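Everything below concerns the one structure shown next.
Protein chains in written order, with my numbering: chain A, -12 to 100; chain B, 10 to 123.
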């Protein structure tokens, strides 16, 4: 158990619907990352928070994607008007205190029909 | 451009034999290097890292990795494979000065046969 929790673990939705994923990072860690992993690929960086501030966003994060981290605790990743190409595993991560390796949650797998 | 290459999509070994999963990288400066393992429908689990010092680093579950600066490689090794080691393995690099930039390889599927 890495201490990073994600919910839901699996989500099946129809194209055009909105979905939201939640991440509860390791407590007292001020940095939080979202990654996306498609089949046969390694994780790709989506966005990063330091406390409640979203400091960096990848070009992969289209305008249909929005991430928040109110109060600098848990984070949500919302995808609006889902497309089949959004089908992937969405991973949340916290760095260790020295900021070297990342600890990942179990991921939220999205399937868009 | 920063990149990580795992040249083998799949590695097959017999249980009890040594295993090697290859990784080469192209990152400016002296990066931090990592190996992660992923089981089906699970997140990535950290195995080991190279920060500085001895080129041979030891990690979880009997895995080790050898850093070779001249060849820009960081191969994962284990002296005696177990069937339970069968999983997807990812190499990752991070710029030493920018901890927001982790780059992952595309993964290598390790199959250990009894």
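Each residue gets a CB set at the ideal place from its N, CA and C atoms; glycine is no exception. Predicted, not measured: the structure shown is a model, and the values here were computed from it.
Could you list which residues in chain B have their beta carbon closer than 9 Å to that of residue i, in chain order?
i	result
residue 28 of chain A	113, 115, 116
residue 158 of chain A	Limits of chain A in this structure are -12 at one end and 100 at the other, which puts residue 158 of chain A out of reach.
How many angstroms separate the CA atom of residue i from the CA atom of residue j?
i	j	result
residue 43 of chain A	residue 80 of chain B	32 Å
residue 38 of chain A	residue 94 of chain A	21 Å
residue 86 of chain B	residue 60 of chain B	17 Å
residue 45 of chain A	residue 52 of chain B	21 Å
residue 2 of chain A	residue 73 of chain B	44 Å
residue 28 of chain A	residue 63 of chain B	30 Å
Going by DSSP in three states, residue i sits in which element: helix, strand or coil?
i	result
residue 106 of chain A	Given that chain A is displayed from residue -12 to residue 100, the structure contains no residue 106 of chain A and the question cannot be resolved.
residue 88 of chain B	coil
residue 48 of chain B	coil
residue 1 of chain A	coil
residue 62 of chain A	strand
residue 84 of chain A	coil
residue 24 of chain A	strand
For residue i, does the count of other Cβ atoms within 10 angstroms reach 16, so buried, or fall short, so exposed?
i	result
residue 122 of chain B	exposed
residue -1 of chain A	exposed
residue 94 of chain B	buried
residue 23 of chain B	exposed
residue 88 of chain A	buried
residue 50 of chain A	exposed
Residues of chain B with CB under 8 Å from residue i, in chain order?
i	result
residue 32 of chain A	109, 110, 111
With 8 Å as the C-beta to C-beta threshold (strictly closer), list the residues of the segment 51 to 67 of chain B near chain A in chain order. 51, 52, 53, 54, 55, 58, 60
Quick one, which residues of the segment 78 to 96 of chain A are near chain B if we go by CB-CB under 7 Å, in chain order? 78, 82, 86, 87, 88, 89, 90, 91, 92, 93, 94, 96
Can you pull out the residues from the segment 20 to 45 of chain B whose beta carbon lies closer than 9 Å to at least one beta carbon of chain A? 41, 43, 45
Check distances from the C-beta atoms of the segment 96 to 108 of chain B to those of chain A and list, in chain order, the residues that come in under 7 Å. 99, 108
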